[in-house]
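Scroll down for the structure; my scribbles are underneath it.
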Ligand SMILES: [Zn+2]
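Numbering (my numbering), first residue to last: 2 to 287.
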């Protein structure tokens, strides 16, 4: 799933390649992904792309009086095409959700792999009309995101720190992968109660979030859309690395599995050497 750094890099790439271009085609193939009907998608056609920006994990394109907002969700991706295929995108079972063609002949396809159809598209007059955008919490890479701002988010939350970090209404842009990475760098257990962190732990977490996200943005910016997924993987210390040694202490990275996702952590760095209970594992052992 693309998170803040990948979406930021995508927005930069698209701004460079789309701004100033006229939209000549906008074809929705996954009708269920389109969440709005007014303005219609056709309102984009003939308009010139102004800005392309990231808001949380959303991509937003301005075109005339309208905005096209895209949430790639878990299996979604954007594929840049130097030459958009002439065939009109038609509703069907394939991964294609949206095809956009520009006056230069280039354009992009928005696709979604897998069965969990959660990719979403909106055409609105302002990005804040999208409910998820309006509810976004503070963005860790925005100016003014201090340890005090993070403390306010944590103290107002119930639940464990892993859940709070990935809740978009609490904090914008962080998902499963970068929350694993930030918690590892801050040496915090994912199960720690968010509202009970000490000032020192909040400082550590703040530093970890900002460092990890800005480093990932630095590595990703300038890469073409096609290179972003593999770049995300190579920068990880614990996420997706269960069974491998922790790059900091050498302990074996463990994981806790849930129904559709899992988290990874290092016991020595984060939980005082004690592995966390994994409900799926304990069920298997019974
Ligand atoms: Zn470690």
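Ideal Cβ positions, reconstructed from N, Cα and C, are used throughout, including at glycine.
Contact check between the stretch 138-157 and the stretch 86-99: fewer than three CB pairs, one atom from each, fall below 8 angstroms, which does not count as touching. Every residue with a CB closer than 5 angstroms to a heavy atom of ligand 1 is listed here in chain order: 247, 249, 250, 252, 267, 269 and 270. The straight-line gap separating the alpha-carbon atoms of residue 175 and residue 84 is approximately 33 angstroms. The straight-line gap separating the alpha-carbon atoms of residue 177 and residue 167 is approximately 6 angstroms. In the DSSP assignment, residue 24 falls outside any alpha helix (DSSP H) and within the unbroken beta strand (DSSP E) covering 24-29. Given a length threshold of 3 residues, each whole run of the beta strand (DSSP E) inside the stretch 232-263 is given here in chain order: 255-258. Residue 179 sits in a helix when the DSSP states are folded into three classes. Taken through DSSP and simplified to helix, strand or coil, residue 61 comes out as strand.
If you draw a straight line from the Cα of residue 267 to the Cα of residue 273, it is about 9 angstroms long. Under the three-state reduction of DSSP output, residue 122 falls in the strand class. Ranked by Cα distance from residue 116, the options 32, 75 and 172 are led by 75.
When beta bridges are read from the DSSP output, residue 202 appears opposite no residue. Residue 20 is positioned such that its CB atom lies no closer than 8 angstroms to that of residue 65. For the pair residue 71 and residue 263, the Cα-to-Cα distance works out to about 25 angstroms. For the pair residue 120 and residue 57, the CB atoms are not nearer than the 8 angstroms cut-off.
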